[in-house]
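J.: Below you'll find the structure I mean.
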Amino acid sequence: MAENRVQRRLAAIVAADVVGWSRLMGADETGTLATLKAHRKELIDPTLAEFGGRIVKTTGDGVLVEFASAVDAVNCMAEIQAAMVGRNEGVLESKLMQFRVGINLGEIIIDDDGDIFGDGVNIAARLEELAAPGSVNISEDVYRQVHGRLDSALHDLGQQNLKNIANPVRVYRVGESSSASPVATAATQKPELPTTVGAIGFDARPAIAVLPFDNMSREEDQDFFADGIAEDLITALSLWRQFPVIARNSTFTYKGQKIDVKQVGKELGARYVLEGSVRKAGNRLRITAQLIDAESGVHVWAERFDRELEDIFDLQDEITERIVHNIMPEISLAEAERAIRVPPANLDAWEYLQRGFWHLYRYTREDTEKAREYFVDALARD
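Using the numbering used here, the final residue of the sequence shown is 362, and nothing's skipped along the way.
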């Protein structure tokens, strides 16, 4: 009986990844990989070791880490994020590498190869998805262990509904350390804004339209898979509530038609259009997806996924999650860059907010002060 017993333990789980990884790789694959390797060798791996973190696995741009102590986990990741501010000084916006981090405390199952599983791991991954670039999100379970034991502020983001997690989770953001350098403090300190996503400039938010994915295979039974991907994307994007999503009944009227993205955008009132295709060969599937700015026709993001067809629902879930995970920061970045180009006299509350974020994530003292000014203007015009 003892031989078959599942190995469990309580641990602090850290999930982290690079913001806008697909965009960075698409622009400069070799340079991006070299930059990530340098950050890991010179900063991330040594700091993890210093605080007793065990790297469970890496996934290209992401890493899963286990700590025995919640305090050590939070202090470690806060130190890494603060150090990244300095490492990003002077880096071009298009090459900026930032991490987002989620930390949870929970019971985990340890596999024979050292991998870990369980709800605690899943929650850490969802917290990471919610994190802003350069920030650390922690669960309420972590908060209870670290409150009063950190040299950092903790900001309550309220109850959050996390995908595939049954109960809402209260989330906290780790703020700046009181011992941080003045530049790092100014760069990482975030103005306190309404925690409800889209509370400022709500009516001016750009809409997203997800079109039916094309079935490029000769097999008609793949239509349901292509439609399922699009439907799941509509649902998943709607749950984020950051941007309005055009309803399925409207977007699926374009199924099987040759479309002009600019025209579709005008007809649906959508600034961004997500389209894609599915191709099956034997037991392999190739899914492509691309996000297009419907006003300019410019591609904002694109990706290709090659997978073995095993469990179709698991595959749909994985592809949907990957696409949503990638396009949300790309839309936010595109909106910030768009707002910068708008003449000041024509800015509305939403554009003031996006200008603020554009400056905030440049991580300099001057840009942080400018961001505050734009956030105040956004509130005044809302």
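Glycine included, C-beta positions come from ideal geometry on N, C-alpha and C.
#1: Does the region 16 to 28 come into contact with the region 53 to 65, if we say contact requires no fewer than three beta-carbon pairs (one atom in each stretch) closer than 8 Å?
#2: When burial is assigned at 16 or more other CB atoms within 10 Å of the CB, is H279 buried or exposed?
#3: With distances taken from CA atoms, which of V(-2), V36, S49 is nearest G42?
#4: Could you pull out every residue in the same chain whose Cβ sits closer than 6 Å to the Cβ of L191, ignoring the five residues on either side in sequence?
#5: Based on Cα-Cα distance, which residue from T300, F293, I292, A274 lies nearest to R284?
#6: Can you grab the Cα-Cα spacing for the pair K260 / E290, in whole Å?
#7: My output table needs one value for A160: the three-state DSSP class, helix, strand or coil.
#8: Using only alpha-carbon positions, find the residue among K242, H305, D294 that is nearest to A269.
#9: One question on the structure: do V36 and G82 come within less than 9 Å of each other, judged by their Cβ atoms?
#10: So what's L271 in DSSP terms, helix, strand or just coil?
#11: Please list the terminal residues of the continuous alpha helix (DSSP H) segment that includes G100.
#12: Take every Cβ of the region 95 to 112, pair it with every Cβ of the region 125 to 133, and state whether three or more of those distances are shorter than 8 Å.
#13: Among all the DSSP beta bridges, which residues are the ones paired with S257?
#14: Residues in the same chain with beta-carbon distance under 8 Å from A111, minus the five sequence neighbours each way, listed in chain order, please.
#15: Among the residues of its own chain, which have a CB less than 7 Å from the CB of E211, if the five just before and after it don't count?
#16: Just reading off the beta strand (DSSP E) that G42 is part of, what are its end residues?
#17: CA-CA distance, Q61 and E73?
#18: Within 10 Å of its beta-carbon, does H127 have 16 or more other beta-carbons around it, so buried, or fewer, so exposed?
#19: List the residues that DSSP assigns as beta-bridge partners of H135.
#20: To the nearest whole angstrom, what separates the beta carbons of I88 and R(-12), a pair I think is in contact under 8 Å?
#21: Just curious, the beta strand (DSSP E) that I88 is in, first and last residue?
#22: Count the other C-beta atoms from every protein chain shown that fall within 10 angstroms of the C-beta of V(-14), then say buried if there are 16 or more, exposed otherwise.
#23: Return yes when the Cβ of L107 is within less than 9 Å of the Cβ of A50, no when it is not.
#24: Among residues of its own chain, excluding the 5 on either side of F337, which ones have a beta-carbon nearer than 6 Å to its beta-carbon?
#25: Rounded to whole angstroms, what is the Cα-Cα separation between A189 and G245?
#26: With DSSP as the reference, identify every bridge partner of D(-3), one or two as the case may be.
#27: Please report the straight-line C-alpha distance between G32 and L(-10), rounded to a whole angstrom.
#28: Kindly identify the DSSP beta-bridge partner or partners of D286.
#29: Within its chain, find whatever has a CB closer than 6 Å to the CB of Q334; leave out the 5 residues flanking it on each side and keep chain order.
#30: Is Q363 helix, strand or coil when you go by DSSP?
#31: Among D207, D91, P148, P186, whose alpha-carbon lies nearest the alpha-carbon of F293?
#32: Please name the residue in K242, P113, F204, V225 whose C-alpha comes closest to that of L213.
#33: Would you say R251 and L265 are within 9 Å of each other, going by their C-beta atoms?
T.: With the structure as the only source:
#1: yes
#2: exposed
#3: V(-2)
#4: Counting only Cβ-Cβ distances below 6 Å, and skipping sequence neighbours, we find T231, Y234, E255.
#5: T300
#6: 13 Å
#7: Annotation note: pLDDT 42 at A160 (below 50); position unreliable, coordinate value reported separately. Three-state result, A160: coil.
#8: H305
#9: No. Outside cutoff.
#10: strand
#11: Its alpha helix (DSSP H) spans residues 99 to 110.
#12: Segments in contact, no.
#13: D194, T268
#14: R80, V81, G82, N117, R153
#15: For E211, where only same-chain residues beyond five positions count, the Cβ hits under 7 Å are R228.
#16: Following the DSSP letters along the chain, one finds G42 inside the beta strand (DSSP E) bounded by residues 42 to 47.
#17: 17 Å
#18: exposed
#19: Under DSSP, the beta-bridge partners assigned to H135 are R153.
#20: 7 Å
#21: Residues 79 to 90.
#22: exposed
#23: no
#24: A316
#25: 8 Å
#26: G42, R80
#27: 15 Å
#28: R266
#29: The residues are E315, A316, A319.
#30: Nothing about residue 363 can be read from this structure; the chain reaches only from -19 to 362.
#31: Residue nearest to F293 within the set D207, D91, P148, P186 is D207 (criterion: CA-CA distance).
#32: V225
#33: no
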